[in-house]
Amino acid sequence: MRVLLVDDHTLFRDGLKTLLGNIDQFNEVLDVDCGQAAISFLEDDDDIDVVLLDYELGDMSGLEVLSVIKAENPEIPVIMLSAREESALIQDLLAKGASGFITKTSSSDVMLSAISLVVSGGIYIPPAILTGQVTTPNTSAPTTGIKKPLNANSFLAPNMAEHGYQLTQRQTDVLEELGKGLSNKEIARELNMSPSTVKVHVAAILKELDAKNRTVAVTMAKDMGLITT
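Per the numbering used here, the very first residue in the sequence shown carries number 334; after that it's consecutive.
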């Protein structure tokens, strides 16, 4: 998995880079110290599985950087990092395309779990926020419109959740393509993601379904009517 870390605090950036670099799952951790450098980096190399983006940068706001990344590379998930933990801020960032929000006071285990969830197609929100009275804006309607409460199953594929499986919608999309007999590279092209991200999704699918290989996973999913292919 290739990670791009964007943070202007050297100590935090180096510490997180070291943490991720010691985990086999993260085979390349790249870092830049400002928003413009992140934008320039992605213009030259967009084969990134996830971006970890500080909300408060020295040269521009993290929200500005997020907006540029999602406009130019909408398929790349972005997790916002911040020392702040404000409901309104989190709602705004999610509405503008962030795939998660991690407070800088979080433990290393929380950070690793959050990154894995987002790369697998989920949305990560701090548990304290998720279980509170926070609502997230309906991004298809004006911000003054109806708001939908968040819950732990909001980002799971409905048909999977009904059968007791914890696959995200994105993982279900990959499973559908597996049912067509496509390779990881072909699935990556179909779903507009990197092959390494597809590999992560496939591994998560096999683990969740307790299937020894992709053929078994597809057969199980078809037998239960979880996929249509």
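C-beta: ideal position from N, C-alpha, C; glycine also.
Suppose the cutoff is 6 Å on Cβ atoms and the five residues either side in sequence are ignored; what does the same chain contact list for residue i look like?
| i | result |
| --- | --- |
| S415 | Y388 |
| A447 | G433, I435, Y457 |
| I560 | L508, E509, G512, A554 |
| L539 | A550 |
| A404 | none |
| M526 | E408 |
Can the beta-carbon of residue i be found closer than 8 Å to that of residue j?
| i | j | result |
| --- | --- | --- |
| N517 | V533 | no |
| V398 | A431 | no |
| L390 | I381 | no |
| V336 | L385 | yes |
| Q358 | M334 | yes |
| L396 | L353 | no |
| K429 | S400 | yes |
| V365 | V451 | no |
| E419 | P459 | no |
Measure how close the beta-carbons of residue i and residue j come, nearest whole angstrom, since I'm counting them as under 8 Å.
| i | j | result |
| --- | --- | --- |
| I409 | I402 | 6 Å |
| V362 | L338 | 6 Å |
| A544 | A536 | With a Cβ gap of about 11 Å, A544 and A536 do not count as contacting. |
| N355 | D379 | Between D379 and N355 the Cβ distance is about 26 Å, and since that is not below 8 Å, they are no contact. |
Among the residues of its own chain, which have a CB less than 7 Å from the CB of residue i, if the five just before and after it don't count?
| i | result |
| --- | --- |
| A474 | Below a pLDDT of 50, predicted positions are generally treated as unreliable, and A474, at 30, falls in that range; no measurement from the model is reported. |
| D392 | C367, G368, Q369 |
| P528 | N517, K518, A521 |
| K350 | L338, V362, D364 |
DSSP has residue i in a bridge; who is on the other side?
| i | result |
| --- | --- |
| R335 | E361 |
Worksheet item: Going along the chain, which unbroken runs of the beta strand (DSSP E) with 3 or more residues stay wholly within the region 370-439?
Response: The qualifying runs are 383-387, 411-415, 433-436.
Discussion item. Extract the residue ranges of the alpha helix (DSSP H) inside the region 337-363, only unbroken runs of 4 or more that lie entirely within it.
Written reply: If we require 4 residues or more, the alpha helix (DSSP H) runs fully inside the region 337-363 come out as 343-354.
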